[in-house]
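Student: Residue numbers (our numbering), protein chains in the order written: chain Z, 6 to 414; chain S, 148 to 423.
Every residue, glycine too, gets a C-beta built ideally from N, C-alpha and C.
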Amino acid sequence: MSTAAATPEPTPAAAPEREAEGGRFAVLQRVAQGELGPLRVLIGLILIWGVFTLANDRFLTATNLVNLSLQIAATGMISIGVVLVLLLGEIDLSVAIVSGLCAAIMAVLVEQHGWAAAPGIAAAIAAGAAIGLFQGSVVTRFGIPSFVVTLAGLIGWQGALLYVLGDTGTVNITNPTIVDLAGTFYTGATAYIIAAAVVAAFALSSLDARRRRLRAGLVAATPVVVAVRVAAVALVSFGVVAVLDQDRGLPLALVILIGFVVVFDYVVRRTRFGRHVLAVGGNAEAARRAGIRVDRVRVMVFVLASSLSACGGILFASRLLAVNQSSGGSDLLLLAIAGPVIAGVSLFGGRGTVWAALLGGLVIGSITNGMDLLALPSSTKYMVTGGVLLAAVVVDAAARQRRQRAGRV
Amino acid sequence: MTATSGSANGGQPLLALRGVSKRFGAVQALDGVDFEVRAGEVVGLVGDNGAGKSTLVKVMSGIYMADEGEYHFDGERQHVHGPNDATALGVATVYQDLALCDNLDVVANLFVGREEISGGAGGVLRGLDEASMEQQAGELLQTLTVRLPSVRQEVGLLSGGQRQSVAIARSLIGEAKVVLLDEPTAALGVAQTAQVLALIRRLREQGLGVVVISHNLADVFEVVDRILVLRLGRKAGIFEIGETTREEIVSAITGAEFGGNGGDDESGRDAAEAAR
């Protein structure tokens, strides 16, 4: 680098080679800097599953894994919104209670006012969007930290939930469409066709990306690499289906969650809006100077977070067959935020992937589920969960410090 | 200014300010300053702290509007009411703090705010055209001979000189004709400074007008064609680089005759300034 001024231009032949080298170097560097959260999380997940399997041989059975996937579906949905907010470098403490409130709105409209399921669900999501619009506007208009605004929301929407539920304080869900959201399982051929469709879609998009890069004259993944990636996705997809099929089958709720994760992962990594979210999270001032309407991006993210909370609340209501005064309460907020953070989404903004919602949900869900199987008391469960969250945050902060030191050199 | 200026093209100025004044309350930050930069020319802007360098650059980049004076671009008078107007004309500014997103890679930083969308799919879900952006980024960096480990490297992991190079290269992604560089070599090591100065020369070769603000006279002498010296908001002189010495510039900056006994005068003015 020091000889940049004197060095002649690199020959075209040398350029790709150098780039590939840089790529490998970058990966090593990122591992050293404690990044590559997903890898770390997968290792953690394997450890957790190993420990619980040793402690209780019912943990890794098909029945329990179906239960686990149902348990994480709603929380994971809320966590997708949390990831978006964290990528901005903000926080939303109202996600859990908004999920309860929106589910209550749906339940009251459908069960007490005779609405059909679809408009009821739409109304719940619209209510979530309106809540996000309000909170996001207050944050941007008055420049108040989102922590405070959504803390006010946490309390205020709790009141709204009690008001919506009325005197009885609970609404049972009997509408078959809503019940089926968490009560539908795909077995046999159907489940395998879904897995095949996932693999096919992944293979096609990989090939398309490769074709584009080659057309632009760039270094692209070799056919072998593409084949290995597709094989890995196939292994996971068919493996999950094969295991779940031994019990009730592949839950619709899990399919919905993974579908949302895929869509929002695409939005974050591959669309202009997602790029702007990352830019604002990385350096809001730079984003502003680059012409990005920072406040609009912020408000939009809060709208998405609350809307996704509503979706999560609907899945919860479907699984519990009721909405009551404790919906969206208890440790749901902690779990929804802890999941992504454990899976490597930085609290400082700009770093993380949407897949962290699923992976983090799996980690947290496995710990909770495993401790339930061992019949540990609540006291222990809370302390363990809190400890895992703290450890994850410390790892995040330590990685950030290392990055800063590296940046200064 | 001499008629035979050292610029490569020698034509009419690309960006010209005429008689620009700017006042902040009681402080006259700029007082009837003329400035021009031609295509394929590097102009240095030097002066002591508070001489009005930053104010002048902010007038050029549209952040400040001058109280008096005219803004000409490409021979036509323009009314610049904000940074976006200046950007639209083709005036790009590279700020001292670089304004890069450390969490994004080089390609993403080069295109932030003007990402390219591929033709497929519809609505807000249309995908970014990463291949096209990466290709353009590679070509641009190659043209400028900026060497990076990878265009997919996260910017936060680059060295200071590489970051500065990325920030400068970014200004060329749009249709920039004039690039304003605010202290491009501050806080850089020797090797990295050489790298950035080489990049500035290549901007000149590309036919851009370049304005460099710097405290470092050594760097200025190495890369610029002309130097505008500001002193207390006024033009203290314009010097062709081949016909001047560092001592002459220093004396113009401080207001002291080189080797003369302007010291008393100087301290007197400083005192008067402080009293204000």
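1. Taking 7 Å as the limit between beta carbons, can you name the residues of its chain near glycine 229 of chain S, skipping five residues before and five after?
2. So, with DSSP's three-state summary, where would you put alanine 10 of chain Z?
3. Determine the closest residue to tryptophan 360 of chain Z out of Z:Ile263, Z:Leu93 and Z:Ala67, with distance taken between C-alpha atoms.
4. Is the distance from the Cβ of glycine 158 of chain Z to the Cβ of serine 104 of chain Z below 8 Å?
5. Roughly how many whole angstroms lie between the Cα atoms of alanine 79 of chain Z and valine 224 of chain Z?
6. Can you find a CB in chain Z that lies within less than 8 Å of the CB of serine 318 of chain S?
7. Note down, in chain order, every chain Z residue with its Cβ under 7 Å from the Cβ of glutamate 262 of chain S.
8. If you draw a straight line from the alpha carbon of valine 204 of chain S to that of glycine 296 of chain Z, how long is it in whole angstroms?
9. DSSP three-state call for lysine 169 of chain S: helix, strand or coil?
10. So what's valine 337 of chain S in DSSP terms, helix, strand or just coil?
11. Is the CB of asparagine 288 of chain Z under 8 Å away from at least one CB in chain S?
12. Considering only residues of the same chain and omitting the five flanking positions on each side of leucine 335 of chain S, which have a CB-CB separation below 6 Å?
13. Have a look at proline 63 of chain Z and asparagine 69 of chain Z and give me their C-alpha separation to the nearest angstrom.
14. Suppose the cutoff is 8 Å on Cβ atoms and the five residues either side in sequence are ignored; what does the same chain contact list for valine 248 of chain Z look like?
15. With which residues is threonine 145 of chain Z paired in a DSSP beta bridge?
16. Using a Cβ-Cβ cut-off of 8 Å (strictly less than) and excluding sequence neighbours within five positions of isoleucine 126 of chain Z, which residues of its own chain qualify?
17. Considering aspartate 329 of chain S, what are the terminal residues of the beta strand (DSSP E) in which it resides?
18. What residues in its chain sit with their C-beta under 7 Å from that of glycine 354 of chain S, if we drop five residues either side in the sequence?
19. If we require 4 or more residues per run, which alpha helix (DSSP H) segments fall completely within the region 252-313 of chain Z?
20. Please report the residue range of the alpha helix (DSSP H) in which alanine 348 of chain Z lies.
21. Who does leucine 377 of chain S pair with in a DSSP beta bridge?
22. Going by alpha carbons, who is nearest to asparagine 72 of chain Z out of Z:Val346, Z:Leu91 and Z:Gly188?
23. Hey, alanine 165 of chain Z and leucine 106 of chain Z: beta-carbon distance below 8 Å or not?
24. For threonine 145 of chain Z versus valine 304 of chain Z, is the C-beta spacing smaller than 8 Å?
25. Go ahead and label valine 293 of chain S buried or exposed: buried means 16 or more other beta carbons lie within 10 angstroms of its beta carbon, across all protein chains shown.
26. Interface residues of chain Z around leucine 236 of chain S at Cβ under 7 Å?
27. Per DSSP, which one or two residues make a beta bridge with phenylalanine 321 of chain Z?
28. Taking just the CA atoms, how far does leucine 304 of chain S sit from serine 151 of chain Z?
29. Would you kindly work out how many angstroms separate the C-alpha atoms of arginine 410 of chain Z and alanine 365 of chain S, rounded to a whole number?
30. Relative to the C-alpha of alanine 284 of chain S, which candidate in S:Leu272, S:Val302, S:Arg310 and S:Leu257 has its C-alpha closest?
31. What are the residues in the region 287-308 of chain Z lying within 8 Å of chain S by C-beta distance?
32. Determine whether the Cβ of glycine 222 of chain Z lies closer than 8 Å to any Cβ atom of chain S.
33. Can you list, in chain order, the residues of the region 327-361 of chain Z whose Cβ is nearer than 7 Å to any Cβ on chain S?
34. Are the CB atoms of valine 308 of chain Z and glycine 137 of chain Z nearer to each other than 8 Å?
35. Please name the residue, chosen from Z:Gly334, Z:Leu50 and Z:Thr390, that lies closest to tryptophan 162 of chain Z on a Cα-to-Cα basis.
36. In chain Z, which residues lie with their C-beta within 8 Å of the C-beta of arginine 273 of chain S?
Tutor: Checking against the coordinates, here is how it stands:
1. Numbered from its first residue, the second sequence carries residue 229 of chain S at position 82. Cβ neighbours of glycine 229 of chain S beyond the five flanking positions: Gly209.
2. The residue given as residue 10 of chain Z occupies position 5 in the first sequence. In this prediction, alanine 10 of chain Z has a pLDDT of 39, which is less than 50 and means its spatial position is unreliable; what the coordinates show is noted afterwards. In this structure, alanine 10 of chain Z counts as coil in the three-state DSSP scheme.
3. Walking along the first sequence from the start, residue 360 of chain Z turns up at place 355. Measuring from the Cα of tryptophan 360 of chain Z, the nearest candidate turns out to be Z:Ile263.
4. Residue mapping note: residue 158 of chain Z aligns to position 153 of the first sequence, counting from 1. Residue mapping note: residue 104 of chain Z aligns to position 99 of the first sequence, counting from 1. No; because the gap between Cβ atoms is not below 8 Å, this pair is not in contact.
5. Working through the first sequence from its first residue, we reach residue 79 of chain Z at position 74. Working through the first sequence from its first residue, we reach residue 224 of chain Z at position 219. Going by the C-alpha atoms only, they are around 40 Å apart.
6. Taking the second sequence and counting its residues from 1, one reaches residue 318 of chain S at position 171. Judged by the 8 Å Cβ criterion, serine 318 of chain S is not in contact with chain Z.
7. The sequence position of residue 262 of chain S within the second sequence is 115, counting from 1. Those are Arg277 and Arg280, listed as they occur along chain Z.
8. Residue mapping note: residue 204 of chain S aligns to position 57 of the second sequence, counting from 1. Residue mapping note: residue 296 of chain Z aligns to position 291 of the first sequence, counting from 1. When rounded, the distance between both Cα atoms is 19 Å.
9. Here residue 169 of chain S is taken as the residue at index 22 of the second sequence, counted from 1. Reduced to three states, the DSSP call for lysine 169 of chain S is strand.
10. Taking the second sequence and counting its residues from 1, one reaches residue 337 of chain S at position 190. Looking at valine 337 of chain S - three-state DSSP - the assignment turns out to be helix.
11. The residue labelled residue 288 of chain Z in the question sits at position 283 within the first sequence. Cβ-Cβ to chain S under 8 Å: yes for asparagine 288 of chain Z.
12. Translated into positions along the second sequence, residue 335 of chain S becomes position 188. Excluding positions up to five away in sequence, the list reads Gly307 and Gly308.
13. Working through the first sequence from its first residue, we reach residue 63 of chain Z at position 58. Working through the first sequence from its first residue, we reach residue 69 of chain Z at position 64. For the sequence presented, residue 63 of chain Z should be read as arginine rather than proline. Between arginine 63 of chain Z and asparagine 69 of chain Z, the C-alpha separation is close to 7 Å.
14. Stepping through the first sequence from its first residue, residue 248 of chain Z is reached at position 243. Counting only Cβ-Cβ distances below 8 Å, and skipping sequence neighbours, we find Ala67 and Leu70.
15. Taking the first sequence and counting its residues from 1, the one referred to as residue 145 of chain Z is at position 140. Bridge partners of threonine 145 of chain Z: none, in fact.
16. The count along the first sequence starts at 1 and reaches residue 126 of chain Z at position 121. Cβ neighbours of isoleucine 126 of chain Z beyond the five flanking positions: Met111, Ile183 and Ile319.
17. Residue numbering aside, residue 329 of chain S sits at position 182 when the second sequence is read from its first letter. First-last of the beta strand (DSSP E) with aspartate 329 of chain S: 325-329.
18. Your numbering for residue 354 of chain S matches position 207 in the second sequence. Excluding residues within five positions, the ones whose Cβ falls inside 7 Å are Ala186 and Gly187.
19. 257-275, 277-287 and 289-294
20. On the first sequence, residue 348 of chain Z is found 343 positions in, with the first residue counted as 1. Segment: none, alanine 348 of chain Z is in no alpha helix (DSSP H) and carries neither H nor E.
21. In the second sequence, counting from the first residue as 1, residue 377 of chain S sits at position 230. Leucine 377 of chain S is bridged to S:Gly194 and S:Lys382.
22. For the purposes of this step, residue 72 of chain Z is taken as residue 67 along the first sequence, with counting starting at 1. The shortest C-alpha separation from asparagine 72 of chain Z is found at Z:Gly188.
23. Within the first sequence, residue 165 of chain Z is the residue found at index 160, counting from 1. Within the first sequence, residue 106 of chain Z is the residue found at index 101, counting from 1. In this structure, leucine 106 of chain Z lies closer than 8 Å to alanine 165 of chain Z by Cβ.
24. Counting from 1 along the first sequence, the entry for residue 145 of chain Z is found at position 140. Counting from 1 along the first sequence, the entry for residue 304 of chain Z is found at position 299. Going by C-beta atoms, threonine 145 of chain Z is nearer than 8 Å to valine 304 of chain Z.
25. On the second sequence, residue 293 of chain S is found 146 positions in, with the first residue counted as 1. Buried, since its Cβ has 16 or more Cβ neighbours within 10 Å.
26. Within the second sequence, numbered from 1, the residue matching residue 236 of chain S stands at position 89. Result: empty, since nearest Cβ-Cβ is about 15 Å, beyond 7 Å.
27. Start at 1 with the first residue of the first sequence, and residue 321 of chain Z comes out as number 316. In DSSP, phenylalanine 321 of chain Z forms no bridge with anything.
28. Locating residue 151 of chain Z in the first sequence gives position 146, where the first residue counts as 1. Locating residue 304 of chain S in the second sequence gives position 157, where the first residue counts as 1. Computed Cα separation, rounded: 29 Å.
29. Walking along the first sequence from the start, residue 410 of chain Z turns up at place 405. Walking along the second sequence from the start, residue 365 of chain S turns up at place 218. For arginine 410 of chain Z and alanine 365 of chain S, the distance between alpha carbons rounds to 30 Å.
30. Residue numbering aside, residue 284 of chain S sits at position 137 when the second sequence is read from its first letter. The shortest C-alpha separation from alanine 284 of chain S is found at S:Leu257.
31. Gly287, Asn288, Glu290, Ala291, Ala292, Arg294, Ala295, Gly296 and Ile297
32. As a working mapping, residue 222 of chain Z is identified with position 217 in the first sequence. Glycine 222 of chain Z counts as touching chain S.
33. Gly355 and Arg356
34. Residue 308 of chain Z sits at position 303 when you count from the first residue of the first sequence. Residue 137 of chain Z sits at position 132 when you count from the first residue of the first sequence. In this structure, glycine 137 of chain Z lies closer than 8 Å to valine 308 of chain Z by Cβ.
35. As a position in the first sequence, residue 162 of chain Z is number 157, starting the count at 1. Nearest option by C-alpha distance: Z:Gly334.
36. Locating residue 273 of chain S in the second sequence gives position 126, counting from the first residue. Going along chain Z in sequence order, the residues near arginine 273 of chain S (Cβ under 8 Å) are Thr276 and Arg277.
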